[in-house]
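Shown next, in C-alpha cells, is the structure this report addresses.
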Amino acid sequence: MPYTNVLEILEADQWFIDSPDLHEFVAIAKEIISSTTHNHTETLNTLEPHFAALLKKQNWLPEHFAQANLDSGLGGGIGQWLLYRSQDRSLTIFSLVIPPHSVTPVHDHLSWGLVGLYKGKQEETVYRRVDSGELEGRAQLEIVGVYPVKSGDIYRLLPPEGDIHSVRAITVFTPSISIHVMGNDIGSIWRNQYNPEQRTVQLFRSGYANAPVSKQK
Ligand SMILES: [Fe+2]
C-alpha cells in the first residue's frame with residue numbers, strides 16, 4: 001500500500017458497520033459536540049434523546065458485534081467492539097457485550113459519555129474515590145450506589161462524579177449488550193482499573209476486539 005494511502009486511512013473517520021441509523025446519529029452527534037464544546041452537561045442533555053431513539057431501533061447492530069471476546073482486555077470474555085471512531089478521536093461509539101454472570105473490573109473513563117442498554121439486563125455499581133491520590137498504586141473507593149439497568153435505560157458519564165464503576169450482566173443465558181458514546185478514544189487510552197478490596201489502582205488499556213489502539217497524541 002502506498003504511504004500516502006496509509007496516511008489517508010489514518011486521517012479518516014473509521015466506520016466498522018454500515019448502518020444508516022448510526023450514520024444519522026453520528027452526524028447529529030458531531031453537530032451537538034461542536035456547538036457544546038465548553039459545556040459537557042449540555043452535550044449530554046442535547047445528545048441523549050437522539051441516543052434514546054437510536055437504542056429503540058433494535059435492528060442496526062450486526063450479530064458479529066454482539067459476541068463475546070475471549071481475548072478481552074477487560075477480562076471475563078467481555079467484547080468491546082468498535083463501531084465508529086472519528087478522525088480526531090473526539091467521538092467513539094462501541095458495543096460492550098458482557099456474557100452472563102461476567103462483571104467488568106472497576107474502572108474509569110476519563111471522558112463524558114452516554115451508555116445505553118441495547119439488550120439484556122445489567123447492574124451498575126458506582127464508586128467515588130475518597131483518598132488524595134498521593135500514594136502511587138493505592139486508591140480508596142466507596143460505593144455511591146448500585147443501580148439496575150434494563151433495556152432502553154441510559155446513564156451518563158461526566159468525570160469526576162460518577163466516572164468510576166463496574167458493570168455486571170444479570171441475564172442468565174444471553175449476554176447483555178450496551179452501546180457507548182464517548183468523547184474520547186477510550187479503548188486506546190491508558191486509564192485506571194481499581195481493586196476496592198485491596199485498595200489498589202493500576203493503569204490499563206482495554207483495547208477493542210476488532211480494531212487496533214490509536215497512538216495517543
Ligand atoms: Fe464503564
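Under my numbering, think of the first position of the sequence shown as 1, with each following residue one higher. Heads up, the beta-carbon is just placed ideally off N, CA and C, and yes, glycines get one too.
Span of the beta strand (DSSP E), counted from its first residue to its last, around residue i
i	result
VAL167	164-169
ASN192	191-195
PHE51	Looking at the DSSP string, PHE51 is not in any beta strand (DSSP E); the run it does join, the alpha helix (DSSP H), is 40-57.
LEU83	79-85
SER224	Residue 224 lies beyond the range of the chain shown here (1 to 217); nothing can be said about it.
THR200	200-204
When the options are compared against residue i, the one with the closest alpha-carbon
i	options	result
SER132	ILE189, SER111 and LEU141	LEU141
TYR127	HIS165, SER90, ASN210 and LEU117	HIS165
THR41	PRO159, ARG205 and THR171	PRO159
ASP153	ARG129, ASP163 and SER178	SER178
ASP13	SER206, GLY207 and LEU82	LEU82
ASP54	TYR118, GLU63 and ILE32	It is Leu, not Asp, that sits at residue 54 in the sequence shown. Answer by Cα proximity: TYR118.
GLU11	ILE32, SER90, SER35 and TYR208	SER90
ASN121	SER111, HIS109, PRO148 and ALA209	This sequence places Lys at residue 121; Asn is not what is there. LYS121 has its Cα closest to that of PRO148, out of SER111, HIS109, PRO148 and ALA209.
GLU197	SER151, ALA139 and SER214	ALA139
GLN58	ASN210, ASN184 and SER151	SER151
HIS109	ALA27, SER214, THR36 and HIS180	HIS180
ALA209	HIS64, SER86 and ASN39	HIS64
VAL144	VAL130, GLU136 and LEU135	VAL130
PRO100	ASN195, LYS215 and PHE173	PHE173
SER195	SER35, THR104 and SER34	Correcting the residue type first, residue 195 is Asn in the shown sequence and not Ser. With distances taken between Cα atoms, ASN195 lies closest to THR104.
Limits of the unbroken alpha helix (DSSP H) element including residue i
i	result
VAL97	Counting along the chain, VAL97 falls outside any alpha helix (DSSP H), though it belongs to the beta strand (DSSP E) covering 92-98.
ASP23	Residue identity differs from the one stated: residue 23 is His in this sequence, not Asp. Run containing HIS23: 20-35, per the alpha helix (DSSP H) assignment.
Contact under 7 Å by Cβ, residue i with residue j
i	j	result
GLU123	ARG168	yes
GLY79	ASN69	yes
HIS107	GLN202	no
SER95	TRP60	no
GLY116	PHE51	yes
PRO175	ILE98	yes
MET182	GLY113	yes
LEU47	ALA29	yes
VAL146	THR125	yes
GLY162	GLY187	no
ARG156	LEU22	no
PRO62	ILE17	yes
ASN184	SER111	yes
SER137	THR36	Here residue 137 turns out to be Gly, not Ser, going by the sequence shown. No, these two residues do not count as a Cβ contact at 7 Å.
heavy atom of ligand 3 below 6 Å from residue i C-beta
i	result
GLY116	Judged by which ligands are present, ligand 3 is missing from the structure shown, whose ligands are ligand 1.
Uninterrupted beta strand (DSSP E) stretches inside the segment 111-154 (no shorter than 3 residues): 113-119, 121-129 and 141-150
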